[in-house]
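Student: My numbering numbers the first residue of the sequence shown as 7 and each following residue consecutively.
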Amino acid sequence: MKELQHLNKYFLKYKAHLLIGMVITVVARIFLLFTPRYVKQIFIVVEKALNGLITEEVFKAELLEAILYIVGAAIIGGILTFFMRQTIINVSRYIEFDLKNEIYDQYQKLSLNFYKKNRTGDLMNRITEDVGRVRMYAGPAIMYSINTFALFVVVIIYMINASPKLTLYTVLPLPILSVIIYKLSKEIHKRSTIVQEYLSKLSTFTQESFSGISVIKAYGIEPQTSTNFKSLAFESREKQISLAKVQAWFFPMMILLIGTSNLLVIYIGGMQYIDGEIESIGTIAEFIIYVNMLTWPVATVGWVTSIVQQAAASQKRINEFLKIEPEIKNTVNTNTEITGDISFNKVSFTYDDTNIQALKGISFNIKPGETLAIIGKTGSGKSTILDLIGRLYDIDEGDIIINKTKIENLNLNNLRDHIGYVPQDAFLFSDSIKNNIKFGKEDATDNDVIKAAKNAQVHKNIVKFNNGYDTVLGERGITLSGGQKQRVSIARAIIKSPKILLFDDCLSAVDTETEEKILKNLNKISKGKTTIIVSHRVSSAKNADKIIVLDDGKIVQEGTHETLINVDGYYKHLYLKQLSETTSN
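1) Can you give the Cα-Cα distance for isoleucine 439 and isoleucine 313, rounded to whole angstroms?
2) Can you list, in chain order, the residues of its chain with a C-beta nearer than 8 Å to that of proline 578? Leave out the 5 residues immediately preceding and following it.
3) Closest by CA to tyrosine 164, which one among Ser436, Phe293, Ile395 and Asn420?
4) For threonine 342, which three-state DSSP category applies?
5) Considering only the alpha carbon of each residue, which of Ile82, Thr566, Thr340 and Asp136 lies closest to threonine 411?
6) Assuming the contact rule is C-beta atoms closer than 8 Å, serine 546 and leucine 525 should be a hit. Round their C-beta distance to whole Å, please.
7) Would you check if the distance between the CB atom of tyrosine 279 and the CB atom of isoleucine 287 is smaller than 8 Å?
8) Mapping DSSP to helix, strand and coil, what is asparagine 57?
9) Using only the alpha-carbon positions, how far apart do lysine 171 and glycine 275 sit?
10) Give every residue of the same chain whose Cβ lies closer than 7 Å to the Cβ of asparagine 467, excluding the five residues on either side of it in the sequence, and list them in chain order.
11) Between the Cα of asparagine 336 and those of Ser487, Asp517 and Lys115, spot the shortest distance and give me the residue it belongs to.
12) How is isoleucine 280 classed by DSSP in three states: helix, strand or coil?
13) Contact defined as beta carbons within less than 8 Å: I believe lysine 560 pairs with lysine 388. What is the distance between those atoms, to the nearest angstrom?
14) Under three-state DSSP, which class holds aspartate 128?
15) Classify valine 159 as buried or exposed, calling it buried when 16 or more other Cβ atoms lie within 10 Å of its own Cβ.
16) Can you tell me whether leucine 174 is buried or exposed? The criterion is at least 16 other CB atoms within 10 Å of its CB, across all chains shown.
17) May I ask which residues mark the beginning and end of the alpha helix (DSSP H) holding isoleucine 26?
18) Identify whether alanine 156 lies in helix, strand or coil by the three-state DSSP scheme.
19) Does the beta-carbon distance from valine 97 to alanine 156 come in below 8 Å?
20) With distances taken from CA atoms, which of Glu9, Leu69 and Phe89 is nearest leucine 24?
21) Could you name each continuous alpha helix (DSSP H) segment of 4 residues or more that falls completely within the region 477–527, going from the start of the chain to the end?
22) Have a look at the DSSP bridge pairing and note the partners of lysine 412.
23) Are the beta-carbon atoms belonging to serine 209 and glycine 127 less than 8 Å from one another?
24) Can you round the beta-carbon distance between tyrosine 204 and lysine 245 to whole angstroms, since I take them to be within the 8 Å contact cut?
25) Helix, strand or coil for serine 349? Go by DSSP, reduced to three states.
26) Could you have a look at lysine 366 and say whether DSSP puts it in helix, strand or coil?
27) Compare the C-alpha of glutamate 135 against each of Arg323, Gly375, Leu507 and Glu519 and name the closest.
28) Please name the residue in Leu392, Leu18 and Asp551 whose C-alpha comes closest to that of cysteine 512.
29) Looking at the structure shown, is valine 469 part of a helix, part of a strand, or coil, going by DSSP?
30) Does DSSP put tyrosine 225 in a helix, a strand or coil?
31) Alpha helix (DSSP H) containing glycine 78: first to last residue?
32) Kindly indicate which three-state DSSP category glutamate 564 falls into: helix, strand or coil?
33) On the premise that leucine 556 lies in contact with isoleucine 380, defined as a C-beta separation below 8 Å, what is that separation, rounded to the nearest angstrom?
34) For the alpha helix (DSSP H) holding serine 389, just list the boundary residues, first then last.
35) Quick check: the Cα distance between leucine 118 and isoleucine 395, rounded to an integer number of angstroms?
36) By how many angstroms is the C-alpha of valine 516 removed from the C-alpha of aspartate 405?
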């Protein structure tokens with residue numbers, strides 16, 4: 007239950023709604039209690055009429071009055087119950103909304119290391135299934151708990167006033183009920199946690215299968231994938247059934263205990279009536295109605311307990327992520343003008359998840375408006391440099407200085423606002439092409455979008471689609487070819503006209519002719535902007551103001567294109583190799 011204390015701040019936020027709901031609940035219960043009182047009154051009136059104590063006219067008048075009171079109270083109680091549900095259930099929807107936003111905001115703050123260690127399916131399950139179970143606690147569970155408590159208090163008071171001895175026998179089974187609920191609740195909590203873990207596994211498996219469906223089909227492993235899914239689904243089903251078996255004990259036990267109470271009322275009440283301890287048999291009828299009025303609330307005790315236990319298990323899973331402190335913290339609120347002056351001073355960095363040291367004492371400087379090209383083998387640390395400039399990771403040793411300020415002392419949001427980044431793996435959202443480009447600048451006009459697309463050499467491709475720029479892409483931009491996705495990503499980066507442009511091997515999927523056109527446009531666009539180009543092609547690097555060659559996380563060569571092709575080394579060998587390939591083609 008301590009895990010659910012996280013929701014207290016939301017209950018305080020909506021305390022006015024909850025208090026109104028509580029008041030309505032109590033008033034509604036009072037009106038519903040008119041029924042047993044006036045049923046008793048009807049029995050008394052009938053007894054008087056049978057014994058000749060009242061006339062027929064008085065009998066009809068008192069009978070009609072009692073019936074009208076019962077009907078009127080039932081209508082008012084029903085209306086109040088409706089408003090009770092609207093008030094308290096609405097609070098649960100508000101809390102669900104706030105909690106999902108809190109989780110999503112936390113996901114946004116967490117570093118890339120977090121996403122390397124956790125699967126997408128599990129993340130999705132916690133923000134959907136787990137939050138859904140918590141909502142059931144914040145709404146129905148609380149509503150029925152308030153309802154049950156109010157009804158118990160009011161009913162017990164009325165029962166004691168009517169007959170203290172009969173009340174004692176009626177509530178006798180309730181302590182037994184409490185013990186049973188306590189025992190079953192512990193087991194439900196344990197099994198609920200296991201069920202939620204298996205739901206996460208199922209979500210993760212299906213998400214990865216759908217994302218990688220092209221690979222599954224290409225390798226013809228649909229039967230194997232289906233078998234694996236069925237195996238996981240079977241295990242999940244068994245855990246669900248195991249939980250259901252425990253939950254199934256609740257309602258039979260409730261009905262048994264309520265039935266026992268009814269028998270006690272009839273037997274003890276009958277004996278008291280025979281002995282003259284109670285004046286009217288209407289008291290027995292009144293108590294039977296009281297007991298049956300308690301049947302549903304008592305039965306919901308088990309259901310509510312089950313909801314609370316499942317919510318506690320889900321909130322525990324949610325809290326695990328909410329309690330994680332982001333590795334990358336933004337401790338500065340003031341904005342600094344970013345001009346693009348970048349310096350790496352003996353920077354070293356090791357990836358936590360693999361323990362691979364990507365950079366080893368890297369040092370270089372880029373002045374505002376200059377273009378730096380980074381060349382090197384796969385795994386030499388090229389992409390890592392770009393990630394560190396955007397502060398997607400914090401370095402182990404050395405300093406990264408931007409605008410003569412250490413990067414950790416810059417406002418992180420302001421820094422990233424001034425960066426246009428095209429990743430190696432071009433990622434596009436399931437949205438229109440226009441909105442994917444405008445992702446870099448939400449207030450961009452249609453002309454801005456077209457201009458960016460033309461500079462990225464993708465405009466001619468886009469206008470050939472039936473819906474042009476309004477064409478909606480499939481997941482991860484699957485509608486487009488690899489080269490088209492890269493060029494749309496380039497358009498997305500340049501439309502915001504940032505001070506720093508980072509291109510991570512973003513022309514690998516385009517032909518040489520298109521590459522030259524894009525580079526020519528980028529040379530114009532990048533005037534006055536600091537540009538870093540990571541590439542495997544010398545053609546993408548040759549016009550840069552400075553070129554560095556990385557090998558095993560170290561700078562092994564540095565200079566301009568003209569100086570490096572005249573020095574025996576990796577760059578010259580790569581240049582001659584690619585030159586011969588171009589000539590032969």
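For each residue, glycine too, the CB sits at the ideal point set by N, CA and C.
Tutor: With the structure as the only source:
1) Their backbone Cα atoms lie some 44 Å apart in a straight line.
2) In the sequence on display, residue 578 carries lysine and not proline. Spatial neighbours of lysine 578 in its own chain (CB-CB distance under 8 Å, excluding positions within 5 residues in sequence) are listed in chain order as Leu570, Ile571 and Asn572.
3) Ranking Ser436, Phe293, Ile395 and Asn420 by Cα distance to tyrosine 164 puts Phe293 first.
4) Of the three classes helix, strand and coil, the one that applies to threonine 342 here is coil, per DSSP.
5) Taking only the C-alpha atoms, the option nearest threonine 411 is Thr340.
6) So it is a contact: roughly 6 Å between Cβ atoms.
7) Yes.
8) Of the three classes helix, strand and coil, the one that applies to asparagine 57 here is coil, per DSSP.
9) Roughly 9 Å separates the two Cα atoms.
10) Excluding positions up to five away in sequence, the list reads Gln490.
11) It is Lys115 whose Cα lies nearest to the Cα of asparagine 336.
12) DSSP, read as helix, strand or coil, puts isoleucine 280 in helix.
13) The beta-carbon separation of lysine 560 and lysine 388, rounded to 12 Å, does not stay under the 8 Å limit for a contact.
14) Aspartate 128 falls in the helix class under three-state DSSP.
15) Answer is exposed; the Cβ neighbour count stays below 16.
16) Leucine 174 comes out exposed.
17) Taken as a continuous stretch (DSSP letters only), the alpha helix (DSSP H) holding isoleucine 26 covers 21–38.
18) Three-state result, alanine 156: helix.
19) Not in contact: valine 97 and alanine 156 (Cβ atoms no closer than 8 Å).
20) Considering only alpha carbons, the answer is Phe89.
21) Runs found: 488–500.
22) Lysine 412 is bridged to Ile407.
23) Contact annotation: serine 209 and glycine 127 have beta-carbon atoms nearer than 8 Å.
24) Between tyrosine 204 and lysine 245 the beta-carbon gap is near 5 Å, inside 8 Å, which marks them as a contact.
25) In the structure shown, serine 349 falls within a strand segment according to DSSP collapsed to helix, strand and coil.
26) Lysine 366: strand per DSSP, three-state reduction.
27) When only C-alpha atoms are compared, the closest one is Arg323.
28) Among Leu392, Leu18 and Asp551, the Cα nearest to that of cysteine 512 is on Leu392.
29) In the structure shown, the three-state DSSP call for valine 469 is helix.
30) In the structure shown, tyrosine 225 adopts coil according to DSSP, grouped into three states.
31) Taken as a continuous stretch (DSSP letters only), the alpha helix (DSSP H) holding glycine 78 covers 62–115.
32) Three-state DSSP puts glutamate 564 in a strand.
33) Cβ atoms of isoleucine 380 and leucine 556 come within 8 Å of each other, at about 6 Å.
34) Its alpha helix (DSSP H) spans residues 388–395.
35) When rounded, the distance between both Cα atoms is 14 Å.
36) So the alpha carbons of these two residues sit roughly 35 Å apart.
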